[in-house]
Amino acid sequence: MKKVLIILGGLAVIIAIPFIFKIKTGSQSAKSLVKPDKPFITTIVRTITVAGTISPREEVDIKPAISGIVSAIEVNVGDKVKKGQKLAVLKLVPDLENLNNAESAVISARINAEASAQDLERQKKLFNVGAIPETDLINATKDYDLKKEDLKSAQNRLQVIKVGAAKDSNAPSSNIITATCDGTVLTIPIKIGSSVMGRSTFSEGTSLFTLADMNQMIFNGKISETDVSYLKEGMRIELTIGAMRKDTFDAVVEMIAPQGSDTQGSVKFDFSASVVPREGKIIRAGYSADASIVLEKKNDVLAIKEGDIDFSGDSAFVQVKTPKGDFRRQYITTGISDGINIEVLSGLTKNDELKSTALGINAF
């Protein structure tokens, strides 16, 4: 029985030897497939991405000068309008007290004008028979002319209260709402039948329309206090708009806030950049966008793959191949990184060979 066990054990060893040799050979082959890394010359760009929104440079609120009810709307959202173009019509709802006062003023002015006309006729008759001097006739004529103007002014005031403009006025009626600038209609927060309030000392007035020049768009974003020093006015940045993923747009930084604000525990600074328009591309107000900002760029620097670096405390090191074929620890000084490649300031040369971490295999 003992002899049988010895024979079986020997057979097991003989069978296992080829498998052990194969595994060892396979491991060595896998290592040989991975070449050591070497430092290389490249350009490294350090960028950050900042989220923000696109908006028109200026938005203009159109508000009425008088209160009333919207009786007509002449444009739709998205329409392009010219300065002075009619946008809406208001039906005036006169204040009863003002209306009564204006009507009373017209009646009083008419009575005065009629009395002045009768007096002028009497003065003419007296002058014709030589009963009064010419100066009296001249004064009577002036008084009549003044009374006529008073009547006309009172009638115009009544007309303005009733319909928004005087009959003989060349100025646009205050109940006709017109565009104050060229632009595109962004919003119309009213509808026919809406009551609106005019601008006054006590009221900002009801917003009827919002207009904007869609050819002048800006990107608004926030940048952290650690990166704001790299941002400069006049710097070009690249925008990727969420709704237009296949397209990128250039923008030029034009404003950096002098004061930051606390946003969820970190200080950030507002900035804006003018979007460079592109032929045939429509950018809509409110689009979300990501700005790619170049913080640092270095050309033709010695670099290695960032994954080849190990750390010991605050020191960075790599495994450098020796003439004997083994590896030794080499401490290095690093510069900027783009997340893939990192600049080497000292500690390596172009001819050094480094232990590679490619494919997650410790090649040596």
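Each residue of the sequence shown is one higher than the last, beginning at 381 in this note's numbering. Here a beta-carbon is modelled for each residue, glycine too, at the ideal position from N, C-alpha and C. All values reported here derive from a predicted model rather than from experimental measurement.
For residue i, does the count of other Cβ atoms within 10 angstroms reach 16, so buried, or fall short, so exposed?
| i | result |
| --- | --- |
| Ile-400 | Since pLDDT at Ile-400 reaches only 48, below the 50 mark, its modelled position is unreliable, and the value read off the structure follows with that caveat. Answer is exposed; the Cβ neighbour count stays below 16. |
| Asn-555 | buried |
| Leu-413 | For Leu-413, the predicted structure reports a pLDDT of 49, less than 50, and the residue's modelled location is therefore unreliable. A value from the coordinates is still provided. With fewer than 16 other Cβ atoms within 10 Å, it is exposed. |
| Lys-404 | Any reading at Lys-404 needs caution, since the residue's pLDDT is 47, under 50, leaving its predicted position unreliable; the model's value is listed next. Per the 10 Å Cβ criterion, exposed. |
| Ile-518 | exposed |
| Thr-729 | exposed |
| Leu-467 | buried |
| Phe-589 | buried |
| Ser-726 | exposed |
| Ser-736 | buried |
| Ile-673 | buried |
| Ala-631 | buried |
| Ala-495 | exposed |
| Gln-503 | buried |
| Lys-411 | Caution is warranted here: a pLDDT of 45 is assigned to Lys-411, below 50, making its placement in the model unreliable, and no coordinate value can be reported. |
| Asn-721 | buried |
| Gly-571 | A small correction: the amino acid at residue 571 is Lys; Gly does not occupy that position in the sequence shown. Lys-571 is exposed by the Cβ-count criterion. |
| Leu-775 | With the chain covering only 381 through 744, there is no way to say anything about residue 775. |
| Ala-623 | exposed |
| Leu-385 | Confidence at Leu-385 is low in this model, with a pLDDT of 49, below 50, so the placement of that residue should be treated as unreliable; the coordinate-derived value is given next. Per the 10 Å Cβ criterion, exposed. |
Between the options, which has its C-alpha nearest residue i's C-alpha?
| i | options | result |
| --- | --- | --- |
| Ile-689 | Gln-699, Ile-603, Phe-599 and Asp-680 | Gln-699 |
| Asp-670 | Thr-422, Lys-678, Asn-731 and Ile-428 | Ile-428 |
| Glu-634 | Lys-626, Met-615 and Ile-446 | Met-615 |
| Thr-628 | Thr-515, Pro-657 and Pro-569 | Pro-657 |
| Ile-424 | Tyr-610, Leu-675, Thr-713 and Gly-687 | Leu-675 |
| Arg-490 | Gly-715, Ile-662 and Asp-525 | Asp-525 |
| Val-440 | Tyr-667, Tyr-711, Phe-582 and Gly-563 | Gly-563 |
| Asp-694 | Gln-644, Met-594 and Thr-714 | Thr-714 |
| Pro-569 | Lys-418, Thr-643, Ile-453 and Pro-419 | Ile-453 |
| Val-608 | Ser-641, Ile-512, Met-594 and Ala-534 | Ser-641 |
| Ser-533 | Asp-516, Pro-513, Ile-487 and Ile-512 | Ile-487 |
| Glu-529 | Ile-512, Asn-508, Ala-497 and Glu-514 | Ala-497 |
| Ser-587 | Asn-595, Met-594, Gln-596 and Met-577 | Met-577 |
| Asp-459 | Ile-512, Asp-523, Met-594 and Thr-515 | Met-594 |
Per DSSP, residue i is paired with what?
| i | result |
| --- | --- |
| Lys-522 | In the DSSP output, where bridge partners are listed per residue, Lys-522 has none listed. |
| Ile-621 | Ala-669 |
| Gly-448 | Leu-472 and Val-576 |
| Leu-675 | Beta-bridge pairing links Leu-675 to no other residue. |
| Glu-832 | Outside the shown range of the chain (381 to 744) lies residue 832, about which nothing can therefore be said. |
| Phe-691 | Ala-696 |
| Val-724 | Thr-714 |
| Met-597 | Pro-436 |
| Asp-417 | Leu-734 |
| Met-635 | Ser-652 |
| Gly-782 | What the structure shows of the chain is the stretch from 381 to 744, and residue 782 is not part of that stretch, so it cannot be assessed. |
| Ser-583 | Ser-580 |
How about residue i and residue j: are their beta carbons less than 8 Å apart?
| i | j | result |
| --- | --- | --- |
| Ala-749 | Leu-538 | The requested residue 749 is not part of the displayed model; the chain covers only 381 to 744. |
| Gly-660 | Thr-558 | no |
| Glu-438 | Ala-592 | yes |
| Ile-617 | Ser-652 | no |
| Val-565 | Val-455 | yes |
| Thr-567 | Val-457 | yes |
| Ala-445 | Arg-579 | yes |
| Pro-416 | Leu-734 | yes |
| Lys-443 | Gly-585 | yes |
| Thr-521 | Leu-506 | no |
| Ile-621 | Ile-662 | no |
| Lys-678 | Ile-712 | no |
| Ser-646 | Ser-583 | no |
| Gly-510 | Val-473 | no |
| Pro-419 | Leu-619 | no |
| Asp-718 | Arg-426 | yes |
Report, in whole angstroms, the separation of the C-beta atoms of residue i and residue j, which I expect to be a contact under 8 Å.
| i | j | result |
| --- | --- | --- |
| Lys-602 | Phe-649 | 7 Å |
| Asn-536 | Thr-433 | Not quite, the Cβ-Cβ distance comes to about 49 Å (not below 8 Å), so this is no contact. |
| Ile-421 | Asp-732 | No, Ile-421 and Asp-732 are not in contact; Cβ-Cβ is about 14 Å, not under 8 Å. |
| Leu-479 | Ile-541 | 6 Å |
| Phe-331 | Arg-709 | Lying outside 381 to 744, the shown extent of the chain, residue 331 is not represented and no answer is given. |
| Ser-435 | Ala-637 | Actually they do not touch by this definition, with Cβ atoms about 16 Å apart. |
| Ala-431 | Ser-654 | Contact flag wrong, Cβ pair sits at about 18 Å. |
| Lys-527 | Asn-492 | 5 Å |
Would you verify that the beta carbon of residue i is, or is not, closer than 8 Å to some beta carbon of chain C?
| i | result |
| --- | --- |
| Gln-699 | The chain inventory of the structure shown lacks chain C, comprising one protein chain alone. |
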